[in-house]
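Quick note: the sequence shown uses our numbering, first residue 313, plus one each step.
All remarks here apply to the structure that follows.
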Amino acid sequence: MTARLARRWCTGQGHFHGVIAITELDHVARHWTAERWGVGRDEMLDVLTESWCGTIGRH
């Protein structure tokens, strides 16, 4: 499955998409609070999931 997904992008793009997704997750994990960002946990997870699907889930 991983090899099939890796072929979805041109050389180097798969790695870049992965780096973007992990960086996004790291930033949210370090900085998100409902009070500070104005969104609850469920909404934050929905948005993060949608973003990941757009970054690494669909092409």
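Built from N, CA and C at the ideal position, the CB exists for glycine as well.
Short CB-CB distance (under 8 Å) between residue i and chain C
i    : result
V351 : You won't find chain C in this structure, because it holds only one protein chain.
Spatial distance of residue i from residue j (CA atoms)
i    : j    : result
E362 : A333 : 11 Å
L360 : T335 : 12 Å
G350 : I368 : 26 Å
A346 : G352 : 5 Å
Burial state of residue i, where buried means 16 or more other Cβ atoms lie within 10 Å
i    : result
H329 : buried
Selected residue, minimal CA-CA separation from residue i, among the options
i    : options             : result
V340 : Q325, T367 and L357 : L357
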